[in-house]
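J.: Numbering-wise, the sequence shown is residues 0 to 674 according to numbering that gives the first Met the number 0.
Quick one: the structure is below, questions incoming.
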Amino acid sequence: MQKTARRILAFALTLVLSLGLTTGMIPAFSNSVIEAEAAALTPVQQHGALSVSGTQLVDKSGQPFQIHGVSTHGLGWDVGYPYNNKAAFQTLRDDWGANCVRLAMYTEEYNGYCNGNKSGMKAQVEKGVAAATELGMYVIIDWHILNDGNPQRHKSEAKEFFREMSSKYKNYSNVIYEICNEPNGCSWSDIKSYALEVIPVIRANDSDAIIIVGTPTWSQLGSAGHTYEPCEDPIRGYSNIMYTFHFYASDPNHNQWLKNKIPTAIDKYKIPVFVTEFGLSEASGNGNVNTQTSSEWLSMCDKYKVSYCAWSLSNKNETSALIKSSCSKTSGWSTSELSTAGNFIRDWYRKQSGVAEQQYKINNPDITNKAPGITVSYRTHVQNDGWQAWKTNGLMAGTSGRSLRLEGIEIKVAGDSGLGIRYRTHVQNIGWQDWKANGVMSGTSGRSLRLEGIQIELTGANKDKYDVYYRVHAQNYGWLDWAKNGAMAGTESYSLRLEGINIVIVSKGKAPGVPTTRPYQGPYAGLINYRTHVQNVGWQAWSCDGAMSGTSGRHLRLEGINIQLGRGVNGGVTYQTHVQNVGWQSWRSNGAMAGTSGRSLRLEGIRISLTGAIASQYDIYYRVHVQDVGWLDWAKNGEMSGTSGMSKRLEGINIIMVPKGGAAPGSTARPNIVR
Ligand code: IDC
C-alpha cells in the first residue's frame, strides 16, 4: 500500500524545488510548506487503506468509515469527461467535503470501452485516478455495464482490464474496484461466476483493495422485491468484498419495497453493502427531485454507516445532474451554478465532513476587541465570478475551496469621520500599485491578473485610536496569520494567487485574539533576515530568525553580511563589522552590505542594533562561531560579538529577535574576547 507520508514529502519537495529555483529561498521555505500540508490532511492521509470488518467499511485505524463520493457521468460522454479533471475534484474535496470520486466507464453505450474506445477510456481512467491520488481522495474504477445486462458478456475484456488496472495501482491505498455496475436480465449465479473469475485476477496483483460486486436487477441486491440471492449465497474465500446497492431517491418504485433492502442485508444477512451510485432524481436520471425522500434515504445510509456516491457530475439537462445545464464551468462552481440535486448533495456532504463548520469559522473568525461603532466594508473582484457582495468587520471576502484568484478590492470605513483607510496591492506582472483610498479600486479589471499581496493602513486625524488587522488565503499556503497596520499580507516572489481576505478594525493596542506571527511568506519572511558571503562559496541563501548562516567544520571565513528586518516590520536594523586589516567599518543599515567583497578579508567581529519602533518592542541577540574558539555566547543590542586582537576569522553567525525583556536564547556570559 502506498506510503502516504512519502507522498506528502514528495509533494512538498516538488513545490519547494519548483519555487526554490526561482527564489533561492529553499531552506526557509521548505518547513512552512510541510507545516501547511500537515495542517490540512487529505482524506487518504487521514484514513489510509480501507478494509471491510463484518458489514462495515473501516479505515486504517479500524474506525468505521463512510465514503461520500461523487460519480462522474460516462467517461466517454461529452457531458462526462470534461469533469474528469483535478480542479473539479479539488472543488468536490474542498468546497463540498467529498472524499471520493467514482469513474463511470461505460462498457457499451456511447464510446464505451468494449465498443471500440479502449485506449480512450483507459486514458480517462488513468487521468482520474492520478488527479484523485494527488488530492488524497479515494477513487472507484467502475466497469459500468448497463445495456449489456449480463456481465458474462464482456468477461474476457473485464479480466484483461482489471488485470492491467490492478497491476498499475497495486501500491495505491485509495483505489477501489467496482467490477460490474448494474447487472440486469441475468441471474445472481451469472454474476457470481463472473465475480469469481474477476476477483482472483485483481487479487493476484493486489491482496487487499476493496472490490465491489454488482447485484441482480440494476444492483438492487436481488432479482425481485423480496429476494436476496447474493445475501443467501455470498462470495466466500475473499476478504474486502462488498455488494452494490443503488437507489434513486425520488422514484416512486424505489420508495416502496426497496427501502428495506439495506436494513435487511445488513441486519439479517450481515452482508457489507456499498451504494456506489444513487440519484436524487427518478431512476431514469430525470424527473422529480424530492428532497424529503432524499433526506430519508441518506439518513438511513448514515444510520448504517453505508458509503455512497452521487450520480452524476455533469451539466446534462436532466435532474440527476449536479451542475446546471446553463453552466459550462468544469470546476469551481458557485452554489448558483449547481442544480437542486447539486446543492442538496453539497450541503449534505459539507455537514458530514465538517467542511461547513470549518468554513463557518473562516467566514466568521473569532476576533476580540473590535472597535465599537466602526465598520470596515470591503468587496473583492473574483476570477469568473466578478464583484462579490460587500463584507464587513472580519467576514471573509473572496472564495474558499474554489481556487479562484482575487483580481481587485475596494475597502472603506464608516463610524468615525476622522478615520480613513488606504491600501495597495501587489499584482501579477505589475508589482506594487500606488496606494488607493476609501473605496477606490486597487488591482486590475478585465486583465485576469491575480493579487499576490496587500498592505492596508488607517489614515485621518483619528487613525491612532485604532489598529487594522487583515489576513489572506494564499494559494498553496491556505490562511496566513493576521497582519497589522500596513504590514504585508500574502506572498512575494512565489507567483501565488490570493483567494480570500478578512479585514477588521480593533481598538488601539488591544489584542485581536487571532494569530499574528506570520502574515507573509516569501523572501524576508522572518522577523530578522540575514545572509553571509563565505570564502570560496560566495553569497549563501537568506536565513532568518535564529538559523545559522555561514559554514561549520569547513574553516571558511565570513567576508560580508546583509541583515534586513522582515517585510512590514515597523523599524530598522543597523550593524557594523570589524574587518581584517581595516578595523571597525562605519555602520550599515537595512540590508546594505557590511564587510568587503573581492578582497579576501575575514570578518572578526560584529555589532547589531534595532532602530525605530521595533527597538522598543524587541531585543536583538546574535552570536558567532570563531576560528579555533568555537561558538561564543550571545551578544545583545549593539554589544560586540567576536574577537579583537586575535586575528581569528568568523565562520558562522546566528541572529534572533526576542520580545523586549524576554529570556535570552542562551548564555550571555562571554559574547566576545578582546585582547
Ligand atoms: C443515465 C444517465 C443518462 C443516460 C443513461 C443511459 O443519467 O444521461 O442517458 O444513463 O446511458 C443508472 C445507471 C446510470 C444511469 C442512471 C440514471 O447506472 O448509468 O445514467 N441510472 O438513469 N442506474 C439507475 C439509474
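From the three backbone atoms N, C-alpha and C, an ideal C-beta is built for every residue, glycine too.
Please read all numbers here as calculations on a predicted model, not as lab measurements.
1. Identify the continuous beta strand (DSSP E) that holds R345 and give its terminal residues.
2. Which first and last residues belong to the alpha helix (DSSP H) in which G119 is found?
3. Would you list the one or two residues that DSSP bridges to G477?
4. List the endpoints of the continuous beta strand (DSSP E) containing Y621.
5. Which two residues bound the contiguous beta strand (DSSP E) that contains S306?
6. Nearer than 7 Å: is that true of the beta carbon of H472 relative to any heavy atom of ligand 1?
7. Could you tell me the distance, in whole angstroms, from the CA atom of Y171 to the CA atom of N204?
8. Using the Cα positions of V375 and S399, report the straight-line distance between them to the nearest angstrom.
9. Taking only the alpha-carbon atoms, compute the straight-line gap between I33 and N475 and give it to the nearest angstrom.
10. For L56, list the residues DSSP reports as bridge partners.
11. Counting C-beta neighbours from all protein chains within 10 Å, is the total for N30 16 or more, i.e. buried, or is it exposed?
12. Pull the bridge partners of N528 from the DSSP assignment, please.
13. What is the C-beta distance between D189 and N239, in whole angstroms, given that I count them as a contact (C-beta under 8 Å)?
14. Between E317 and ligand 1, is the CB less than 7 Å from at least one heavy atom?
15. Just to confirm, are V288 and F244 a CB contact at a threshold of 8 Å?
16. Given the structure, does W478 come close to ligand 1, in the sense that its CB is under 7 Å from one of the ligand's heavy atoms?
17. Run through DSSP, which three-state label would K464 get?
18. Comparing C-alpha positions only, which one of K121, H46, L40 and A97 sits nearest to Y80?
19. Bridge partners for P63 per DSSP, in chain order?
20. With S222 and S186 assumed to form a contact (beta carbons below 8 Å), what rounded beta-carbon distance in angstroms separates them?
21. Closer than 6 Å by C-beta to G660: which residues in its own chain qualify, once you throw out the five before and the five after it? Chain order, please.
22. Using the Cα positions of V623 and Q579, report the straight-line distance between them to the nearest angstrom.
23. Quick one: residues in its chain with C-beta nearer than 8 Å to the C-beta of G53, no 5 flanking neighbours on either side, listed in chain order?
24. Which of the three DSSP states, helix, strand or coil, is assigned to I453?
25. Let me know the secondary structure DSSP gives R446 once reduced to three states.
26. Under 7 Å: does the beta carbon of A248 sit that close to some heavy atom of ligand 1?
27. Give a single yes or no on whether A282 has its beta carbon closer than 7 Å to a heavy atom of ligand 3.
28. Using CA coordinates, which residue listed in H143, Y621 and T41 is at the minimum distance from S548?
29. How would you call V274, buried or exposed, if buried means at least 16 neighbouring beta carbons within 10 angstroms?
30. In angstroms with no decimal places, state the Cα-to-Cα distance between T667 and A97.
31. So, with DSSP's three-state summary, where would you put T573?
32. Okay, do the stretch 116-131 and the stretch 163-178 touch, 3+ Cβ pairs below 8 Å being the bar?
33. Using a threshold of 8 Å, state whether the C-beta atoms of A465 and V503 are closer than that.
34. Consult DSSP for H245 and reduce its assignment to one of helix, strand or coil.
35. Mind checking if I655 is an interface residue toward chain B, Cβ cutoff 8 Å exclusive?
36. Which of helix, strand or coil does DSSP assign to V657?
T.: Result, derived from the coordinates:
1. Segment T339 to S352 is the alpha helix (DSSP H) holding R345; no beta strand (DSSP E) there.
2. DSSP places G119 in the uninterrupted alpha helix (DSSP H) bounded by K117 to E133.
3. When DSSP reads this structure, G477 sits in a beta bridge with A473.
4. From DSSP, the beta strand (DSSP E) with Y621 extends over Y617 to V625.
5. Segment S306 to L312, the beta strand (DSSP E) holding S306.
6. H472 Cβ: outside cutoff for every heavy atom of ligand 1.
7. For Y171 and N204, the gap between their C-alpha atoms comes out near 11 Å.
8. CA-to-CA, the gap between V375 and S399 works out to about 21 Å.
9. Because the pLDDT of I33 is 29, which lies under 50, any placement of that residue in the model is unreliable, and the number read from its coordinates should be weighed accordingly. When rounded, the distance between both Cα atoms is 11 Å.
10. Looking at the DSSP output, L56 shares a beta bridge with V51.
11. Residue confidence is low: N30 scores 30 on pLDDT, short of 50, so the model does not pin down where it sits. Its coordinate-derived value is still stated next. When all chains shown are included, N30 counts as exposed.
12. For N528, which the question treats as bridged, DSSP gives the partners C543 and Q563.
13. Between N239 and D189 the Cβ distance is about 23 Å, and since that is not below 8 Å, they are no contact.
14. Taken from the Cβ of E317, at least one heavy atom of ligand 1 lies inside 7 Å.
15. It is not a contact, given that the beta carbons lie outside the stated cut-off.
16. Flag unset: Cβ of W478 not near ligand 1.
17. Look at K464 here: in three-state DSSP terms it is helix.
18. The option with the nearest alpha carbon to Y80 is K121.
19. Paired residue(s): V57.
20. Going by Cβ atoms, the distance from S222 to S186 rounds to 7 Å, so yes, they are a contact pair.
21. Excluding sequence neighbours, G660 sits near nothing in its chain.
22. When only Cα atoms are considered, V623 and Q579 end up about 16 Å apart.
23. In the same chain as G53, and ignoring 5 residues on each side of it, the C-beta atoms closer than 8 Å to its own belong to K269 and P271, in chain order.
24. For I453, the secondary structure class from DSSP, reduced to helix, strand or coil, is strand.
25. In this structure, R446 counts as coil in the three-state DSSP scheme.
26. False, no ligand heavy atom lies under 7 Å from that Cβ.
27. This structure lacks ligand 3; the ligands present are ligand 1.
28. The shortest C-alpha separation from S548 is found at Y621.
29. The residue in question, V274, is buried, as its Cβ has 16 or more Cβ neighbours within 10 Å.
30. Cα-Cα distance, rounded: 55 Å.
31. T573 falls in the strand class under three-state DSSP.
32. Yes, the stretch 116-131 is in contact with the stretch 163-178.
33. Looking at the sequence provided, one finds Tyr at residue 465 rather than Ala. The Cβ atoms of Y465 and V503 do not sit closer than 8 Å to each other.
34. In this structure, H245 counts as strand in the three-state DSSP scheme.
35. Looking at the structure shown, chain B is missing, and only one protein chain is on hand.
36. V657 carries a strand assignment under DSSP once its states are collapsed to helix, strand and coil.
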